[in-house]
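As they're listed, the protein sequences go chains X and A.
For the first sequence, this note's numbering begins at 130 and goes up steadily by one.
For the second sequence, this note's numbering begins at 3 and goes up steadily by one.
This report concerns only the one structure given below.
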Amino acid sequence: MRTADVIIIGAGIIGCACARRLSSDGLRVLVLDAAFPGAGATAAGMGHIVVMDDSQAMFSLTLASREAWARLAPDLPPRAEYAAAGTLWVAADQEELDAAGHKHAFLRERGVKAELLDPDSLRGAEPNLRPGLAGGLLVPDDLVVYPPTVAAWLLGQAVRLGARAVMGSRVVRVESGRVTIADGSVFESPAIVNAGGQWSQDLTPGLPIRRRKGHLVITDRSPGFCRHQVIELGYIKKAHASDEDSVAFNIQPRPTGQVLIGSSRQFDPIDERGHGRPLDHGIDHAILARMIRRAAEYMPTLAGLRALRAWTGFRAATPDSLPLIGPHPRIPGLWLATGHEGLGVTNSLGTADLLADLMAARTPTIPAEPYSPSRVLGDG
Amino acid sequence: MDHSCDILIIGAGPAGLHAARAASRSTRRPSILLVDENPSIGGQIWRRGAPAWAGRLLAGANACSISYLSSTTVLQRLGPRAVLASTLTPSGRGPIAARITFDTVILATGARELFLPFPGWTLPGVVGAGGAQALVKSGLDVTGKRMVVAGSGPLLLAVAGFLRSRGALVAAIAEQAPPAAIRRFALSLAGYPTKAFQGLMLRARLASVPYWTGAWPIRATGTDRIERVTIRRGDRDVEIPCDLLACGFGLVPSIHLAAVMGCEIRDGRVVTDDLLTTTAPHVLCAGEANGIGGVECAAIEGEMAGLAAAGMIDPARRLLPARARARRFAALLDSAFAPRSELSSLASPDTILCRCEDVTTGEVKPYTTWREAKIHARCGMGSCQGRVCGPIARYLFGLDPGDARPPAAPVDVAFLAAADPGAIPGESPLSE
Ligand SMILES: Cc1cc2nc3c(=O)[nH]c(=O)nc-3n(C[C@H](O)[C@H](O)[C@H](O)COP(=O)(O)OP(=O)(O)OC[C@H]3O[C@@H](n4cnc5c(N)ncnc54)[C@H](O)[C@@H]3O)c2cc1C
Ligand SMILES: Cc1cc2nc3c(=O)[nH]c(=O)nc-3n(C[C@H](O)[C@H](O)[C@H](O)COP(=O)(O)OP(=O)(O)OC[C@H]3O[C@@H](n4cnc5c(N)ncnc54)[C@H](O)[C@@H]3O)c2cc1C
Numbered sequence: 130m131r132t133a134d135v136i137i138i139g140a141g142i143i144g145c146a147c148a149r150r151l152s153s154d155g156l157r158v159l160v161l162d163a164a165f166p167g168a169g170a171t172a173a174g175m176g177h178i179v180v181m182d183d184s185q186a187m188f189s190l191t192l193a194s195r196e197a198w199a200r201l202a203p204d205l206p207p208r209a210e211y212a213a214a215g216t217l218w219v220a221a222d223q224e225e226l227d228a229a230g231h232k233h234a235f236l237r238e239r240g241v242k243a244e245l246l247d248p249d250s251l252r253g254a255e256p257n258l259r260p261g262l263a264g265g266l267l268v269p270d271d272l273v274v275y276p277p278t279v280a281a282w283l284l285g286q287a288v289r290l291g292a293r294a295v296m297g298s299r300v301v302r303v304e305s306g307r308v309t310i311a312d313g314s315v316f317e318s319p320a321i322v323n324a325g326g327q328w329s330q331d332l333t334p335g336l337p338i339r340r341r342k343g344h345l346v347i348t349d350r351s352p353g354f355c356r357h358q359v360i361e362l363g364y365i366k367k368a369h370a371s372d373e374d375s376v377a378f379n380i381q382p383r384p385t386g387q388v389l390i391g392s393s394r395q396f397d398p399i400d401e402r403g404h405g406r407p408l409d410h411g412i413d414h415a416i417l418a419r420m421i422r423r424a425a426e427y428m429p430t431l432a433g434l435r436a437l438r439a440w441t442g443f444r445a446a447t448p449d450s451l452p453l454i455g456p457h458p459r460i461p462g463l464w465l466a467t468g469h470e471g472l473g474v475t476n477s478l479g480t481a482d483l484l485a486d487l488m489a490a491r492t493p494t495i496p497a498e499p500y501s502p503s504r505v506l507g508d509g
Numbered sequence: 003m004d005h006s007c008d009i010l011i012i013g014a015g016p017a018g019l020h021a022a023r024a025a026s027r028s029t030r031r032p033s034i035l036l037v038d039e040n041p042s043i044g045g046q047i048w049r050r051g052a053p054a055w056a057g058r059l060l061a062g063a064n065a066c067s068i069s070y071l072s073s074t075t076v077l078q079r080l081g082p083r084a085v086l087a088s089t090l091t092p093s094g095r096g097p098i099a100a101r102i103t104f105d106t107v108i109l110a111t112g113a114r115e116l117f118l119p120f121p122g123w124t125l126p127g128v129v130g131a132g133g134a135q136a137l138v139k140s141g142l143d144v145t146g147k148r149m150v151v152a153g154s155g156p157l158l159l160a161v162a163g164f165l166r167s168r169g170a171l172v173a174a175i176a177e178q179a180p181p182a183a184i185r186r187f188a189l190s191l192a193g194y195p196t197k198a199f200q201g202l203m204l205r206a207r208l209a210s211v212p213y214w215t216g217a218w219p220i221r222a223t224g225t226d227r228i229e230r231v232t233i234r235r236g237d238r239d240v241e242i243p244c245d246l247l248a249c250g251f252g253l254v255p256s257i258h259l260a261a262v263m264g265c266e267i268r269d270g271r272v273v274t275d276d277l278l279t280t281t282a283p284h285v286l287c288a289g290e291a292n293g294i295g296g297v298e299c300a301a302i303e304g305e306m307a308g309l310a311a312a313g314m315i316d317p318a319r320r321l322l323p324a325r326a327r328a329r330r331f332a333a334l335l336d337s338a339f340a341p342r343s344e345l346s347s348l349a350s351p352d353t354i355l356c357r358c359e360d361v362t363t364g365e366v367k368p369y370t371t372w373r374e375a376k377i378h379a380r381c382g383m384g385s386c387q388g389r390v391c392g393p394i395a396r397y398l399f400g401l402d403p404g405d406a407r408p409p410a411a412p413v414d415v416a417f418l419a420a421a422d423p424g425a426i427p428g429e430s431p432l433s434e
């Protein structure tokens with residue numbers, strides 16, 4: 130029996146955003162999740178909504194998404210903790226200052242507000258930064274949200290539009306047109322969306338997704354310690370340019386006055402058959418220590434805040450760092466919305482719009498090819 | 003500063019001290035390191051004076067290598083046989099970071115008080131029963147102050163007696179357990195001479211204080227701080243004006259460090275086998291963290307763990323009957339003072355459940371797992387990391403906080419950098 134027009138597997142921020150968007154298209158949506166809304170990477174990540182310029186494709190998706198977030202803002206409940214914090218990119222030396230200049234030009238040419246800061250205005254913007262930094266770039270319209278409650282809210286909106294959400298249901302089998310969950314129930318639908326994030330390769334074997342672990346630390350309340358999401362400019366090179374373990378200075382003020390300190394990137398080792406190791410949420414103390422030292426190089430006073438908790442999360446990384454959005458080239462009726470690496474919160478709304486357009490055979494507002502799963506999976 | 007030892011014992015209460023003594027008697031002469039976050043040994047009950055043998059032991063009476071690190075808080079595990087701690091320098095400066103390596107570690111982290119929320123429980127002047135004791139010991143003058151002690155268990159009597167000895171006017175002790183349960187408990191004490199003795203002594207000293215059984219606080223009110231408490235006594239509500247309300251609903255195991263160390267926690271206790279080995283490699287656990295058992299039980303388990311850690315398995319086994327007997331006593335206590343069901347409905351939806359993050363009872367109620375309540379309602383996200391509100395959420399809603407992330411106690415961010423083998427602990431934790 131047909132249970133829905135579309136079944137979405139995964140109620141992370143991606144699945145929830147897609148559920149809301151597809152419901153508003155009038156589709157009958159069923160959302161299945163093994164746990165609860167936002168339980169996966171969505172509960173572990175930072176929730177920084179940021180325009181990126183590492184490629185035209187990444188720029189288009191992040192900008193379209195950020196604009197969608199700004200449109201959504203008036204409807205978001207207070208617990209979404211939406212804040213127009215802006216991003217402050219910090220340049221430590223001349224080379225990074227040049228990078229800031231390029232970024233500035235790139236964004237300005239495309240109509241995105243951005244402002245170069247000299248060392249004095251940099252410290253004026255964030256007095257806890259150490260003296261002697263080269264400068265910075267302020268992108269004032271970047272945002273921050275608290276991802277898991279936003280995911281739950283998006284799903285709630287979908288339900289108001291007629292969607293059904295069945296939480297605590299682990300999908301054990303995905304076939305063309307049908308999904309089986311752990312208790313043996315079967316759900317049928319002409320369209321199935323794999324929004325399983327770091328688990329999507331278990332649901333659809335053959336997806337080239339690797340887990341990339343990240344560490345974060347939250348401090349006790351220290352109101353006014355910082356005002357923007359503050360990130361070092363070396364971040365992009367480090368994050369994307371290599372497979373090696375890396376750390377970067379990246380902090381975020383929470384509305385409670387707490388400070389969230391990030392971040393690290395470590396690929397899960399894979400064996401010769403390409404299998405990852407079992408999920409290990411444990412802290413890697415050596416990389417956590419590196420991450421803290423890196424942060425304290427930029428903001429020495431961070432070292433004196435009280436750390437309450439450290440934890441880890443996993444990003445779902447694709448070979449080219451772009452997400453997989455669109456039909457699976459070989460499995461009829463299967464759609465992918467996964468592989469968002471470190472930008473899934475940002476890109477959730479853009480992903481949902483793109484997927485909805487593709488499913489309805491409308492022309493998307495941004496070109497869909499760069500995200501098409503067939504680029505990495507080959508054609509049908 | 004780095005330390006290394008054969009046996010690391012965390013917690014210098016009855017369990018930890020007995021573990022140290024038992025291990026020190028081994029012919030293998032293991033090196034023993036005892037640490038506690040407090041300046042002095044003794045744990046909760048012997049804080050003002052541990053038995054003389056403990057002092058002699060730490061002075062080296064058993065001719066084995068044993069040392070005590072005071073004001074030392076274990077923060078996290080660094081590997082199978084290493085932990086990170088915050089400690090002081092030998093001259094008392096700090097805190098500084100220390101890495102401690104060991105062969106076996108014994109967790110003896112004891113218990114903490116259970117609070118149960120009722121309207122007004124967050125007003126200034128409403129404190130824990132143990133908390134009241136600590137406040138007075140650290141200088142709060144209660145002479146002539148009107149106080150009410152409420153909650154459950156023998157601890158109420160001890161606290162009331164102590165407050166009275168410091169000049170407070172204890173208006174009433176409200177024990178929620180029904181009178182019949184207390185009578186049954188008193189009768190069963192006959193089989194346990196030392197405990198019975200303690201109990202009688204306390205009652206005698208408190209003869210002039212009204213001891214109400216089947217009575218519990220339902221509301222505290224006041225403008226800026228508590229001015230009166232309403233006690234439900236049978237079918238009447240009695241309002242008592244007071245300056246301080248000391249509340250304790252029994253004890254719950256202190257499982258936070260064990261959870262951070264990777265030990266399995268079930269039903270709010272550390273899971274161990276019959277020789278006190280936890281599910282985490284090289285980690286034993288003794289005393290109240292395994293379940294509330296009282297000081298005798300903590301002592302026996304400490305001894306067992308000390309013997310087992312020093313390789314003396316048969317002698318450890320021989321203590322099993324004594325331990326079983328002590329646990330039976332604990333079970334008696336448990337059933338006599340088990341919180342009645344009315345206590346779980348005292349809080350109204352807008353009564354705070356998590357004080358650190360101001361989360362109300364009504365906000366937590368919709369969630370079916372601790373993790374979901376934490377992530378979506380922010381319960382347990384603050385500086386106590388669920389140590390206080392976790393047991394409340396378990397009691398009210400059956401949520402199970404069995405998981406914890408490092409550090410085991412709030413600590414300067416800099417300490418997390420000292421976990422790196424490349425860093426030089428003891429100096430600035432941030433130095434390369
Ligand atoms: C440390 C860190 C920092 C980050 N910071 C940012 C940031 O600042 N900005 C940003 O935009 N992004 C950030 N991210 C990335 C972002 O968190 C993720 O990209 C995003 O949350 C992914 O969402 P998702 O819905 O794809 O995955 P998830 O949230 O992991 O959701 C997948 C869901 O699928 C469910 N599921 C899996 N398998 C099954 C099954 N078999 N049956 C049923 N359900 C199943 C899971 O229960 C889960 O709820 C960060 C990530 C990390 C780790
Ligand atoms: C608030 C309170 C008041 C009490 N008052 C009484 C009383 O008046 N009379 C009575 O009979 N019983 C009382 N008890 C019960 C009594 O304490 C126990 O029965 C007995 O002490 C249990 O012994 P233990 O060794 O298991 O734990 P404890 O005596 O609690 O010892 C545990 C020790 O471990 C230390 N510790 C915990 N975590 C760490 C860490 N991460 N790093 C380093 N050190 C750590 C603590 O500082 C503590 O000193 C009280 C309990 C509590 C919680």
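Note that CB positions come from ideal geometry on N, CA and C, so glycine has one too.
Rounded separation between residue i and residue j - CA only
i         : j         : result
A:Phe-199 : A:Arg-271 : Summary for A:Phe-199: the model assigns pLDDT 47, below 50, so the residue's position carries little reliability, and this model does not support an answer.
A:Val-76  : A:Leu-10  : 11 angstroms
X:His-369 : A:Asp-402 : Legend: pLDDT at X:His-369 = 48, less than 50; position of this residue unreliable, value from coordinates given subsequently. Computed Cα separation, rounded: 39 angstroms.
A:Cys-381 : A:Gly-388 : 7 angstroms
X:Pro-456 : X:Leu-465 : 6 angstroms
A:Gly-146 : A:Ser-347 : 34 angstroms
X:Gln-395 : X:Pro-352 : 31 angstroms
X:Arg-341 : A:Ala-134 : 48 angstroms
A:Pro-219 : X:Gly-297 : 38 angstroms
A:Ala-375 : X:Leu-487 : 36 angstroms
X:Gly-411 : X:Tyr-427 : 26 angstroms
X:Gln-264 : X:Glu-361 : For the record, residue 264 of chain X in the displayed sequence is Gly; it is not Gln. The straight-line gap from Cα to Cα measures roughly 11 angstroms.
Status (buried if at least 16 other CB within 10 Å, exposed otherwise) for residue i
i         : result
X:Ser-194 : buried
X:Ser-393 : buried
X:Ala-490 : exposed
A:Trp-55  : exposed
X:Gly-473 : buried
X:Asp-482 : buried
DSSP state of residue i mapped onto helix, strand, coil
i         : result
X:Phe-443 : strand
A:Glu-241 : strand
X:Ile-142 : helix
X:Asn-476 : helix
X:Val-376 : strand
A:Ser-88  : strand
X:Tyr-500 : helix
Contact with chain X by residue i, beta-carbon distance below 8 angstroms
i         : result
A:Asp-352 : no
A:Arg-357 : no
A:His-284 : no
A:Ala-395 : no
A:Gln-387 : yes
A:Arg-101 : no
A:His-5   : no
CB contact below 8 angstroms: residue i versus chain A
i         : result
X:Ser-442 : First, the amino acid is wrong: residue 442 of chain X is Gly here, not Ser. Answer no: the Cβ-Cβ gap between X:Gly-442 and chain A never drops below 8 angstroms.
X:Ala-221 : no
X:His-177 : no
X:Pro-384 : no
Any non-hydrogen atom of ligand 4 within 7 angstroms of residue i CB
i         : result
X:Ala-197 : Ligands in the displayed structure: ligand 1 and ligand 2; ligand 4 is not one of them.
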